[in-house]
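Residue numbers (the working numbering): 65 to 305.
The C-beta atom is built at its ideal place from N, Cα and C for all residues, glycine as well.
What follows is a short report on a single structure.
In structure tokens, the structure reads:
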């Protein structure tokens, strides 16, 4: 059980390991017609890292953090939906791992009637440095034994651009509880807004109704991922100085 203690008034340095879960989604980045059997569902990801927190005053903290944050462009076809609900098991995706560096200023609002507890808001900037991923992929959705006797779809994708590091803005709001004179827990809603595309891909698909060699219709589209996200972050603070 958390034991409230007084909000510490003096300056100090803390380490703050964290884990975060977040949603992110890619987009079609051109005006060309899109294959109606293809969609870009959001992905749910988990990252983690470590922060260094300088408590400037009882109400102000400055944090620098680094961590691991995966992202991907998920490409779903009709095969990935059952009873109108999307399922992950058959999705094709371009994975993109990133090293995340951020700096934020956090403003605390202590609860007058609950010593040792405070609401907070934070704002700052981040950079995502790509660690790999991308490349190319292929997928298909048709009866391989009877390709010319029913509907189907094939697709290929290739990374064509993007910029690393991806710069962005971060925002957060949350609640902090002091556990002891030297430690605290925090839970927050957080979000990141990419200022430019992290990865860009070329997607080529072909769809047919009667048969692969009977009535194929080709599509070419550009997919882009800014690695913008919204999610939840949990942090543990341990005071060093």
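Check	Outcome
With H, G and I counted as helix, E and B as strand and the rest as coil, what does DSSP make of residue 164?	strand
DSSP three-state label for residue 127, please.	strand
What does the alpha-carbon distance come out to for the pair residue 160 and residue 196?	6 Å
In whole angstroms, give me the CA-to-CA distance for residue 232 and residue 280.	41 Å
Here's the rule: buried if 16 or more other CB atoms are within 10 angstroms of the residue's CB, otherwise exposed. What is residue 224?	exposed
In angstroms, rounded to a whole number, what distance separates the CA positions of residue 220 and residue 182?	50 Å
Using DSSP bridges, identify the partner residues of residue 265.	223 and 287
So what does DSSP say about residue 65, is it helix, strand or coil?	Because the pLDDT of residue 65 is 43, which lies under 50, any placement of that residue in the model is unreliable, and the number read from its coordinates should be weighed accordingly. Of the three classes helix, strand and coil, the one that applies to residue 65 here is coil, per DSSP.
Pull the bridge partners of residue 252 from the DSSP assignment, please.	238 and 297
Using CA coordinates, which residue listed in 205, 255, 249 and 261 is at the minimum distance from residue 227?	261
Between 202, 129 and 250, which lies nearest to residue 309 when the distance is taken from Cα to Cα?	In the structure displayed, the chain extends from 65 to 305; residue 309 sits before or after that span and is not available.
With a 10 Å radius around its C-beta and 16 neighbouring C-beta atoms as the bar for buried, classify residue 162 as buried or exposed.	buried
Between the stretch 76-90 and the stretch 284-303, are three or more C-beta pairs nearer than 8 Å?	yes
How big is the Cα-Cα spacing for residue 67 and residue 123?	Here residue 67 scores only 43 on pLDDT, less than 50, and its place in the model should not be relied on; the value that follows carries that caveat. C-alpha separation (whole angstroms): 20 Å.
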